[in-house]
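First the structure, in the form of C-alpha coordinates, and then the observations on it.
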Amino acid sequence: MKRISLMLLVLLLFFLLNGCAPADQGNGQSADYEGTKKLVVDILKTDEGKKAIEDVLNDDKTKAKLIMDEMVVKETIKGALTSKEAEDFWKKQFDDPKFAESFAKSMQKEHEKLMKELMKDPDYQKAMIEILKNPEMEKQITDAMKTQKYRDQMKTVMIETMGSPLFKAKMQDLLIKGAEELQKQGKEGGSSGGESSGGGDSGEGGGGQ
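For the sequence shown, this note's numbering assigns the number 1322 to the initial residue and increments by one for each residue that follows.
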(Lines of atoms letter the chains of each structure in order from A and count residues from 1; the text may use other names and numbers.)
(Lines give C-alpha, C1' and ligand atoms only; values in the text may rest on other atoms or scores of the structure.)
Protein backbone atom coordinates (compact mmCIF):
# COMPACT_ATOMS: atom_id res chain seq x y z
CA MET A 1 0.00 0.00 0.00
CA LYS A 2 2.88 2.35 0.81
CA ARG A 3 4.40 1.55 -2.59
CA ILE A 4 1.12 2.43 -4.32
CA SER A 5 0.86 5.68 -2.36
CA LEU A 6 4.42 6.64 -3.29
CA MET A 7 3.86 5.82 -6.94
CA LEU A 8 0.63 7.81 -6.96
CA LEU A 9 2.29 10.86 -5.42
CA VAL A 10 5.15 10.65 -7.93
CA LEU A 11 2.69 10.48 -10.80
CA LEU A 12 0.69 13.38 -9.44
CA LEU A 13 3.85 15.44 -9.09
CA PHE A 14 4.88 14.56 -12.62
CA PHE A 15 1.40 15.46 -13.83
CA LEU A 16 1.53 18.86 -12.12
CA LEU A 17 5.02 19.62 -13.42
CA ASN A 18 3.94 18.80 -16.95
CA GLY A 19 0.86 20.96 -16.47
CA CYS A 20 3.08 23.92 -15.55
CA ALA A 21 5.46 23.40 -18.46
CA PRO A 22 5.25 25.63 -21.58
CA ALA A 23 2.73 24.48 -24.14
CA ASP A 24 4.96 25.09 -27.18
CA GLN A 25 7.48 22.24 -26.68
CA GLY A 26 6.11 19.97 -29.38
CA ASN A 27 3.50 17.32 -29.93
CA GLY A 28 5.63 14.60 -28.31
CA GLN A 29 5.48 16.20 -24.88
CA SER A 30 1.78 16.91 -25.34
CA ALA A 31 1.19 13.23 -26.02
CA ASP A 32 3.23 12.27 -22.93
CA TYR A 33 1.20 14.73 -20.89
CA GLU A 34 -2.11 13.31 -22.08
CA GLY A 35 -0.90 9.76 -21.47
CA THR A 36 0.26 10.63 -17.96
CA LYS A 37 -3.00 12.40 -17.21
CA LYS A 38 -5.02 9.39 -18.35
CA LEU A 39 -2.84 7.08 -16.26
CA VAL A 40 -3.30 9.20 -13.13
CA VAL A 41 -7.07 9.42 -13.66
CA ASP A 42 -7.31 5.66 -14.16
CA ILE A 43 -5.32 5.03 -10.97
CA LEU A 44 -7.50 7.43 -8.98
CA LYS A 45 -10.58 5.52 -10.11
CA THR A 46 -9.30 2.22 -8.69
CA ASP A 47 -9.93 1.08 -5.12
CA GLU A 48 -6.18 1.06 -4.50
CA GLY A 49 -5.90 4.64 -5.73
CA LYS A 50 -8.78 5.84 -3.53
CA LYS A 51 -7.31 4.02 -0.52
CA ALA A 52 -3.91 5.59 -1.19
CA ILE A 53 -5.43 9.08 -1.21
CA GLU A 54 -7.26 8.31 2.05
CA ASP A 55 -4.01 7.16 3.63
CA VAL A 56 -2.27 10.35 2.57
CA LEU A 57 -5.07 12.55 3.90
CA ASN A 58 -5.21 10.60 7.18
CA ASP A 59 -1.49 11.05 7.76
CA ASP A 60 -0.83 13.27 10.81
CA LYS A 61 1.79 15.34 9.00
CA THR A 62 -0.56 15.96 6.09
CA LYS A 63 -3.38 16.98 8.47
CA ALA A 64 -1.06 19.38 10.30
CA LYS A 65 0.00 20.92 6.98
CA LEU A 66 -3.62 21.31 5.86
CA ILE A 67 -4.56 22.95 9.17
CA MET A 68 -1.63 25.35 8.90
CA ASP A 69 -2.61 26.20 5.34
CA GLU A 70 -6.19 26.79 6.48
CA MET A 71 -5.01 29.20 9.17
CA VAL A 72 -2.88 31.05 6.61
CA VAL A 73 -5.86 31.31 4.28
CA LYS A 74 -8.09 32.61 7.10
CA GLU A 75 -5.53 35.19 8.17
CA THR A 76 -5.02 36.28 4.56
CA ILE A 77 -8.78 36.70 4.00
CA LYS A 78 -9.17 38.49 7.32
CA GLY A 79 -6.37 40.89 6.44
CA ALA A 80 -7.87 41.54 3.02
CA LEU A 81 -11.37 42.18 4.37
CA THR A 82 -10.21 44.56 7.10
CA SER A 83 -7.93 46.61 4.89
CA LYS A 84 -8.70 50.21 3.89
CA GLU A 85 -9.09 49.14 0.26
CA ALA A 86 -11.66 46.50 1.23
CA GLU A 87 -13.56 49.01 3.35
CA ASP A 88 -13.76 51.47 0.46
CA PHE A 89 -14.78 48.65 -1.90
CA TRP A 90 -17.66 47.47 0.31
CA LYS A 91 -18.87 51.00 0.91
CA LYS A 92 -19.05 51.52 -2.84
CA GLN A 93 -20.84 48.21 -3.35
CA PHE A 94 -23.45 48.90 -0.69
CA ASP A 95 -24.24 52.24 -2.31
CA ASP A 96 -25.76 50.16 -5.12
CA PRO A 97 -29.38 49.41 -4.08
CA LYS A 98 -29.52 46.17 -6.10
CA PHE A 99 -26.36 44.82 -4.49
CA ALA A 100 -27.54 45.84 -1.01
CA GLU A 101 -30.90 44.11 -1.60
CA SER A 102 -29.27 40.91 -2.90
CA PHE A 103 -26.81 40.85 -0.01
CA ALA A 104 -29.58 41.37 2.54
CA LYS A 105 -31.64 38.52 1.06
CA SER A 106 -28.65 36.16 1.03
CA MET A 107 -27.92 36.92 4.70
CA GLN A 108 -31.55 36.95 5.89
CA LYS A 109 -31.53 33.52 7.55
CA GLU A 110 -28.19 34.14 9.26
CA HIS A 111 -29.38 37.56 10.39
CA GLU A 112 -32.61 36.13 11.82
CA LYS A 113 -30.65 33.44 13.66
CA LEU A 114 -28.27 36.04 15.07
CA MET A 115 -31.14 38.26 16.20
CA LYS A 116 -32.83 35.33 17.96
CA GLU A 117 -29.62 34.52 19.79
CA LEU A 118 -29.11 38.17 20.73
CA MET A 119 -32.66 38.46 22.06
CA LYS A 120 -31.80 35.74 24.59
CA ASP A 121 -28.72 37.63 25.77
CA PRO A 122 -29.43 39.63 28.99
CA ASP A 123 -26.85 42.31 28.10
CA TYR A 124 -28.43 42.81 24.68
CA GLN A 125 -31.92 42.98 26.22
CA LYS A 126 -30.75 45.59 28.71
CA ALA A 127 -29.11 47.64 25.96
CA MET A 128 -32.30 47.52 23.84
CA ILE A 129 -34.42 48.65 26.79
CA GLU A 130 -32.07 51.58 27.40
CA ILE A 131 -32.28 52.55 23.72
CA LEU A 132 -36.09 52.37 23.71
CA LYS A 133 -36.24 54.52 26.85
CA ASN A 134 -34.40 57.29 25.06
CA PRO A 135 -36.89 60.16 24.44
CA GLU A 136 -35.57 60.78 20.94
CA MET A 137 -35.97 57.10 20.04
CA GLU A 138 -39.52 57.06 21.49
CA LYS A 139 -40.39 60.08 19.35
CA GLN A 140 -38.98 58.44 16.21
CA ILE A 141 -40.91 55.23 16.87
CA THR A 142 -44.13 57.15 17.54
CA ASP A 143 -43.71 59.20 14.38
CA ALA A 144 -43.01 56.06 12.37
CA MET A 145 -46.15 54.37 13.71
CA LYS A 146 -48.25 57.32 12.56
CA THR A 147 -47.17 57.02 8.92
CA GLN A 148 -49.43 55.43 6.33
CA LYS A 149 -46.61 53.17 5.19
CA TYR A 150 -46.28 51.67 8.68
CA ARG A 151 -50.04 51.19 8.98
CA ASP A 152 -50.19 49.46 5.61
CA GLN A 153 -47.32 47.22 6.62
CA MET A 154 -48.96 46.33 9.92
CA LYS A 155 -52.21 45.59 8.09
CA THR A 156 -50.35 43.23 5.77
CA VAL A 157 -48.66 41.51 8.71
CA MET A 158 -51.99 41.07 10.49
CA ILE A 159 -53.66 39.64 7.40
CA GLU A 160 -50.79 37.21 6.86
CA THR A 161 -50.84 36.24 10.54
CA MET A 162 -54.60 35.63 10.54
CA GLY A 163 -54.25 33.53 7.41
CA SER A 164 -51.58 31.38 9.01
CA PRO A 165 -52.73 27.78 9.73
CA LEU A 166 -50.95 27.93 13.10
CA PHE A 167 -52.78 31.11 14.08
CA LYS A 168 -56.11 29.65 12.97
CA ALA A 169 -55.51 26.52 15.01
CA LYS A 170 -54.67 28.55 18.12
CA MET A 171 -57.74 30.75 17.67
CA GLN A 172 -59.91 27.66 17.25
CA ASP A 173 -58.53 26.18 20.47
CA LEU A 174 -59.22 29.44 22.33
CA LEU A 175 -62.80 29.58 21.02
CA ILE A 176 -63.47 25.97 21.99
CA LYS A 177 -62.06 26.54 25.47
CA GLY A 178 -64.13 29.73 25.81
CA ALA A 179 -67.31 27.93 24.78
CA GLU A 180 -66.61 25.08 27.21
CA GLU A 181 -66.00 27.59 30.01
CA LEU A 182 -69.32 29.36 29.28
CA GLN A 183 -71.21 26.05 29.26
CA LYS A 184 -69.61 25.10 32.56
CA GLN A 185 -70.56 28.42 34.12
CA GLY A 186 -74.11 28.08 32.76
CA LYS A 187 -74.52 24.63 34.27
CA GLU A 188 -73.18 25.80 37.63
CA GLY A 189 -75.54 28.80 37.57
CA GLY A 190 -78.54 26.61 36.69
CA SER A 191 -77.69 24.14 39.44
CA SER A 192 -77.43 26.83 42.13
CA GLY A 193 -80.67 28.45 40.86
CA GLY A 194 -82.48 25.12 41.11
CA GLU A 195 -81.34 24.61 44.65
CA SER A 196 -82.59 28.10 45.68
CA SER A 197 -85.95 27.43 44.04
CA GLY A 198 -86.28 24.12 45.81
CA GLY A 199 -85.60 25.73 49.20
CA GLY A 200 -88.27 28.39 48.59
CA ASP A 201 -90.93 25.81 47.65
CA SER A 202 -90.32 23.80 50.80
CA GLY A 203 -90.68 26.97 52.89
CA GLU A 204 -94.02 27.78 51.34
CA GLY A 205 -95.26 24.25 51.94
CA GLY A 206 -94.45 24.50 55.64
CA GLY A 207 -96.34 27.78 55.98
CA GLY A 208 -99.48 26.26 54.44
CA GLN A 209 -99.62 23.55 57.04
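Think of the CB as a built atom: it goes at the ideal place given N, C-alpha and C, for glycine as much as any other residue.
Determine the DSSP secondary structure at residue i, reduced to helix, strand or coil.
i	result
residue 1484	coil
residue 1423	helix
residue 1479	helix
residue 1428	coil
With residue i as the anchor, note down where its alpha helix (DSSP H) starts and where it stops.
i	result
residue 1463	1456-1467
residue 1376	1368-1379
residue 1441	It is not in any alpha helix (DSSP H) - residue 1441 carries neither H nor E in the DSSP assignment.
residue 1409	1405-1415
Could you tell me the alpha carbon to alpha carbon distance between residue i and residue j, rounded to whole angstroms?
i	j	result
residue 1422	residue 1496	42 Å
residue 1466	residue 1454	16 Å
residue 1370	residue 1383	17 Å
residue 1406	residue 1492	55 Å
residue 1470	residue 1386	57 Å
residue 1378	residue 1357	23 Å
residue 1445	residue 1504	46 Å
residue 1392	residue 1401	14 Å
residue 1424	residue 1438	21 Å
residue 1490	residue 1430	26 Å
residue 1462	residue 1399	37 Å
residue 1413	residue 1484	41 Å
residue 1451	residue 1433	22 Å
residue 1427	residue 1373	39 Å
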